[in-house]
Amino acid sequence: MASVETTPCITPADHELARRAADNLRHDPLLERESITVDVRGGRATLRGTVSSYAAKVAACSTTRCVDGLAAVDNELSVRLPASARRADAVLRDAALAALVWKACLPRGMVEVGVRDGALTLTGRVDWSYQKKLAEAVVIPLQGVTSIVNRLRVSDRQVQMEVLGQIRAALRSDAQRHADAIRVQAQDGTVTLSGTLPTVGQRALACAAAREHPEVRELRDEIHVPLQR
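Positions 31 to 259 (our numbering) are the ones given, in order, by the sequence shown.
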């Protein structure tokens, strides 16, 4: 059962957000028997407690994010599997590999799965960003999972296309035509932007848009801005 953490320093607005979040959690069929405490400070929610599956941990975070007015959600829930839900690592790995092939429709061998005490690690390279998300989604509900680390990499070509799309969206109205002058090169998480933009403000927008892509670990800004005379 979800509950609200109360301390004297919590503002009325934060307390109301926590109350609404706890109500949402109580009405989620997957979470009605879980022990979850909601603490909200400065519009930022923190979930604490223990849940009986990794799927419940993920669902609790998703349900809380649906509360209007929350700025962010920190998921500090612990997963404690009941004895009936525990599986040998080899069995869990086989189940994960089968889910990736039959539910995510990923070619056999594209994704490698490591398992240790119920903790899954996904590695490999996929062609599209949606495949990375889908691979994680299909293994979340598996019985015996305690955590998931998604280390799948998206192909460099796809990252280039997606980053360029984000830059074009960021450079709106008249500035959008300048996006065609930007070149994007991606290699193993390092993205290089080059080309010419008329103002430093537009260069800053382009760089900020590129950094938002989840596959960008390092950004090299080689965009040229001509001197204004």
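We put the beta carbon where it would ideally sit given N, CA and C, even for glycine.
Exercise for the section: Please go through the segment 53-136 and give each complete alpha helix (DSSP H) segment of 4 or more residues, from N-terminal end onward. Expected result: 84-95 and 119-132
Exercise for the section: Please name the residue, chosen from Leu227, Ala102, Val88 and Trp132, that lies closest to Leu201 on a Cα-to-Cα basis. Expected result: Stepping through the sequence shown from its first residue, residue 201 is reached at position 171. The option with the nearest alpha carbon to Leu201 is Leu227.
Problem - Assumed close pair Val169, Ala113 - CB separation to whole angstroms, cut-off 8 Å - result: Taking the first residue of the sequence shown as position 1, residue 169 is located at position 139. Taking the first residue of the sequence shown as position 1, residue 113 is located at position 83. No, Val169 and Ala113 are not in contact; Cβ-Cβ is about 21 Å, not under 8 Å.
Handout entry: Own chain residues within Cβ distance below 7 Å of Val131, not counting five before or after
Key = Position 101 of the sequence shown holds residue 131. Cβ within range, chain order: Arg138.
Handout entry: Among Ala165, Arg95 and Ala102, nearest to Gly72 - alpha-carbon criterion
Key = Looking up residue 72 in the sequence shown gives position 42. Checking every option, the nearest Cα to that of Gly72 belongs to Ala102.
Practice task
Inspect the beta-carbon positions of Leu107 and Ser83 and report whether they are closer than 8 Å.
Solution key: As a working note, residue 107 is residue 77 in the sequence shown. As a working note, residue 83 is residue 53 in the sequence shown. No, the pair does not count as a contact, with Cβ atoms beyond the cut-off.
Problem - In chain order, each beta strand (DSSP E) run of at least 3 residues that lies wholly inside the segment 158-188 - result: Segments of the beta strand (DSSP E) lying fully in the segment 158-188: 177-180.
Problem - Classification of Glu62 by the beta-carbon crowding that lies within 10 angstroms, buried from 16 upward - result: To locate residue 62, count along the sequence shown from 1; it is residue 32. Its Cβ having fewer than 16 others within 10 Å, Glu62 is exposed.
Problem - Neighbour-count burial assignment, Gly148, 16 or more Cβ in a 10 Å radius - result: As a working note, residue 148 is residue 118 in the sequence shown. Flag for Gly148 reads buried.
Exercise for the section: Report yes or no: do the segment 81-98 and the segment 183-195 share at least 3 C-beta pairs separated by less than 8 Å? Expected result: Result no; under three Cβ-Cβ pairs closer than 8 Å.
Problem - Integer-rounded CB distance, given that Arg123 should sit under 8 Å from Val97 - result: For the purposes of this step, residue 97 is taken as the residue at position 67 of the sequence shown. For the purposes of this step, residue 123 is taken as the residue at position 93 of the sequence shown. Not really, about 36 Å apart at Cβ, beyond 8 Å.
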